[in-house]
Amino acid sequence: MNNPIPYGRQNITEEDIEAVVSTLKSDYLTQGPKIAEFEEVFAAYVGSKYAVAVSNGTAALHLCAMALKVHPGDKVITTSITFAASANCVRYCGGEVVFADIDPETYLLDIDKVRQLLESAPNGSYKGIIPVDFAGRAVDLEAFRKLADEYGLWIIEDACHAPGGFFTDSKAQKQSCGNGNFADLAIFSFHPVKHIASGEGGMITTNDKELYEKLLRLRTHGITKNSDEYKNSLNFAVGSPVRSSVFKTYPNWYMEMQELGYNYRLTDFQAALGTSQLKRADEGLAKRREIAATYLEAFKGKEYIKGQSGVVEGHAYHLYVLEVEDRLGLYNYLRKNQIFAQIHYIPCHLMPYYRDLGWEEGDFPEAEKYYRHCISLPMYPTLPLEEQEFVIEKINSFYGK
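Here it is as structure tokens:
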């Protein structure tokens with residue numbers, strides 16, 4: 000096998016290219032109609048009322064923390080097995096990140112460990128929870144919502160790995176990741192290795208109109224052009240020192256910066272690409288689940304496999320993770336054979352930045368155990384069966400099987 004096999008890869012079709020080129024030839028490269036179009040179809044896809052397109056998933060997390068009023072010293076709980084942005088968004092606002100351990104079976108934030116944190120602290124100690132749909136497996140947000148309501152907490156669902164994923168609630172209803180039925184806000188990423196690629200890009204979904212309108216302002220410098228929200232007088236807006244009944248409406252040029260926001264906008268051509276990609280989302284998801292089933296069957300019962308993602312209803316399979324013996328040896332062996340597996344993730348609490356804040360090795364035994372053994376295998380819809388079989392063959396070969 001001569002061609003390198005990455006762990007993830009975007010799939011750009013002629014239809015995608017035509018959508019981008021058409022937008023590049025239009026009147027708008029940014030702040031145009033493609034943004035609203037992408038937001039509308041994405042909200043429909045996940046089943047939320049509102050969606051706000053932003054420049055990337057990290058920007059989405061930051062704006063969520065701002066919209067939910069994370070202030071210096073506020074404590075927010077999240078998992079250590081995630082990309083650093085899930086925690087960093089709290090730090091951007093001056094808040095305090097409190098990590099909790101994972102469930103070793105699901106690799107997700109362990110709700111029992113979160114409950115222990117809440118029960119061991121005075122009421123009001125914590126402000127919110129950021130559960131992560133890690134690898135594409137949906138968190139049981141119904142259970143987290145019940146816990147959060149007991150303690151007056153908000154929830155940001157980090158669904159970057161899980162568009163199209165779902166969990167089944169207590170009424171046997173499928174609850175799509177990001178649908179807003181249990182989390183106050185949810186975020187997605189459109190990085191090239193994700194299900195939907197727009198180069199860079201992110202989306203926030205919610206069912207809360209007030210949060211939605213606040214997010215729209217925050218992504219554009221905290222500016223509003225909605226006259227119903229204006230705080231300055233009409234006289235001031237017109238620019239006249241004379242008070243007069245002549246002025247009936249605010250002029251078209253007028254706008255107000257009402258809070259400190261950011262330029263976290265998505266471009267129209269990125270939105271066009273995302274909209275085009277979304278049309279193939281279900282097809283790609285079905286292929287990912289097919290690949291996962293093949294991996295499961297290949298490694299089921301192998302003594303050198305300590306754990307694997309398996310086949311789980313509602314799993315979106317951004318990643319397929321194995322836990323193995325001699326992870327470093329396998330990783331290097333696969334690379335020699337042009338298979339570029341990846342490690343997801345180094346525990347956040349052991350990054351030097353968070354170590355400097357007081358976290359240390361031994362704080363979260365399950366997360367650290369998982370990290371010692373985890374390796375993410377190639378997983379993307381265009382992965383040919385023969386290449387997947389080559390990956391499986393090389394893993395078995397490394398272990399002499």
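Numbering that gives the first Met the number 0 applies: residue 0 is where the sequence shown begins, and numbers increase by one.
The C-beta atom is built at its ideal place from N, Cα and C for all residues, glycine as well.
Fair warning: this is a prediction, and the values are worked out from it, not measured in the lab.
Length of the line joining the Cα atoms of residue i and residue j
i    : j    : result
G31  : A83  : 32 Å
L108 : A366 : 10 Å
D325 : N331 : 10 Å
Q436 : R216 : This structure cannot speak to residue 436, because the chain is shown only from 0 to 400.
K286 : L333 : 23 Å
R288 : G135 : 11 Å
N2   : K193 : 21 Å
G361 : A137 : 27 Å
E296 : E17  : 39 Å
I101 : T78  : 7 Å
L116 : K24  : 54 Å
D246 : W252 : The amino acid at residue 246 is misidentified as Asp; the sequence shows Phe. One C-alpha to the other measures close to 14 Å.
L327 : C373 : 10 Å
S232 : L214 : 24 Å
I110 : C176 : 17 Å
A440 : G238 : Outside the displayed span of the chain (0 to 400) sits residue 440, for which this structure offers no information.
K305 : Q172 : 32 Å
Residue i in three-state terms, based on DSSP
i    : result
M378 : coil
Y125 : strand
A99  : strand
F363 : coil
E141 : helix
F187 : strand
K24  : coil
P351 : helix
C176 : coil
V237 : helix
V131 : strand
E312 : coil
F181 : coil
I338 : strand
T29  : strand
Residue j beta carbon less than 9 Å from that of residue i
i    : j    : result
I203 : I222 : no
Y294 : I80  : no
P162 : A292 : no
I342 : S375 : yes
G46  : F189 : no
Y263 : R8   : no
E156 : I195 : no
F363 : A99  : yes
K48  : G164 : no
V323 : I394 : yes
N10  : T381 : yes
Run of the alpha helix (DSSP H) containing residue i, from where it starts to where it stops
i    : result
V89  : 84-91
I391 : 384-397
S79  : Premise fails: S79 is in no alpha helix (DSSP H) and is neither H nor E.
L210 : 208-217
I304 : Counting along the chain, I304 falls outside any alpha helix (DSSP H), though it belongs to the beta strand (DSSP E) covering 304-307.
G198 : That residue, G198, is in no alpha helix (DSSP H); it is neither H nor E in DSSP.
Y6   : Segment: none, Y6 is in no alpha helix (DSSP H) and carries neither H nor E.
K224 : Careful: K224 lies outside any alpha helix (DSSP H) and carries neither H nor E.
Y344 : Element bounds for Y344: n/a, residue is neither H nor E.
L356 : Element bounds for L356: n/a, residue is neither H nor E.
Run of the beta strand (DSSP E) containing residue i, from where it starts to where it stops
i    : result
K247 : Neither: K247 is in no beta strand (DSSP E) and is coded neither H nor E.
T167 : 165-167
D202 : One detail in the question is off: residue 202 reads as Met in this sequence, not Asp. First-last of the beta strand (DSSP E) with M202: 201-205.
A50  : 49-53
A271 : Unbroken run through A271 is the alpha helix (DSSP H), 267-277; no beta strand (DSSP E).
L107 : Note, L107: premise wrong, no beta strand (DSSP E); not H, not E.
Y261 : Unbroken run through Y261: none, as it is neither H nor E.
E156 : 153-157
V45  : Where V45 is concerned, there is no enclosing beta strand (DSSP E), although the alpha helix (DSSP H) it sits in stretches over 32-45.
L321 : 319-323
For residue j and residue i, believed in contact at Cβ under 8 Å, the rounded distance
i    : j    : result
Y6   : F339 : 6 Å
L265 : A50  : Contact doesn't hold; Cβ gap of about 11 Å is too wide.
Y249 : I290 : So it is not a contact: roughly 55 Å between Cβ atoms.
D267 : T12  : Wrong, their Cβ atoms sit about 19 Å apart, outside the cutoff.
L62  : G127 : Not really, about 14 Å apart at Cβ, beyond 8 Å.
L140 : Q174 : 7 Å
G198 : L152 : Not really, about 34 Å apart at Cβ, beyond 8 Å.
F133 : L277 : Not confirmed; about 22 Å, so no contact.
G201 : A58  : 6 Å
V69  : G94  : 4 Å
A270 : E36  : 7 Å
D183 : T167 : Not really, about 21 Å apart at Cβ, beyond 8 Å.
H220 : Y261 : 7 Å
R90  : V97  : R90 to V97, Cβ: 12 Å. No contact.
F397 : L349 : Not quite, the Cβ-Cβ distance comes to about 27 Å (not below 8 Å), so this is no contact.
Check: residue i C-beta below 8 Å from any heavy atom of the ligand MG
i   : result
T12 : As presented, the structure is devoid of all ligands, the ligand MG included, so that no description of it is given.
Neighbour flag for residue i against chain B, beta carbons, 9 Å
i    : result
M378 : The structure shown has no chain B; it contains just one protein chain.
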